[in-house]
Structure formats: structure tokens, C-alpha cells
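Residue numbers (my numbering): 15 to 120.
Here's the structure, in C-alpha cells; my notes come after.
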């Protein structure tokens, strides 16, 4: 049996694009994301800081289960192929987020 493992690394700039592309419950899309911080786990999370047009600075912590859903949706949007039956995990890699995909072939 052959096992394929892929890692997709999301930098802070790419994570900003994830949150701007895919709607996140509880986050107003009109807010400008000013800072993205990857928080090591287990499980990892992401802390967003944002400024509103007329509101105060806000902070939101995105849990790993939300991150997984957002990343899968973002990959679909960007046409990055993800096997449906593959094991998908997320872990912090310094100040970046690593999305790992492990699938069995054959």
C-alpha cells in the first residue's frame, strides 16, 4: 500500500486571504484584518486582530475545527485538489499554519 502525504503551508499573509475569501461566523467581513497570529496547540488556533470602519479594534480566536473547515473551503475556491477520504490535520509551524493531507493509494 502506498501512502501519499502533502503539506500545504499557510503564511500569515495567506491566512489573511483565507479569512477574506471564506466567511467566518462571528466576524464582520467589512473589518480590516491587521494581525494574524498562529497559536501553537495542541490543537493549534489562530488569533485575528481587526479594525472596524467605525468600531473599536477587535480580537477573535479561531479554533482548529473552524480552521479546518475554512481551509478546505479556501482550497476548493482556489482549485487546490483535496482527496475526500484523506486524513487532514493542522499544526503550527513557527508563525505559519501547516495543513497536512495523508491518503492511501491503491
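No residue lacks a Cβ here, since even glycine has one placed at the ideal position from N, Cα and C.
On a predicted model such as this, the values are computed, not experimentally measured, just so you know.
Counting along the chain, residue 50 sits inside no alpha helix (DSSP H); it lies in the beta strand (DSSP E) bounded by residues 46–53. At a cut-off of 3 residues, the continuous stretches assigned as beta strand (DSSP E) that sit fully inside the stretch 16–99 are 16–24, 46–53, 59–65 and 72–76. In this structure, residue 48 sits away from residue 34, with a CB-CB distance that is not shorter than 8 Å. Closest option to residue 46, judged by alpha-carbon separation, among 18, 97, 30 and 100: 30.
Linking residue 39 to residue 78 through their CA atoms gives a straight-line distance of about 14 Å.
The C-alpha of residue 119 is placed about 32 Å away from the C-alpha of residue 52. Rounded to whole angstroms, the Cβ separation of residue 113 and residue 74 is 20 Å, and the two are not in contact under 8 Å. C-alpha of residue 72 to C-alpha of residue 65: approximately 6 Å in a straight line.
The shortest CA-to-CA distance from residue 26 to any of 44, 56, 60 and 19 is the one to 60.
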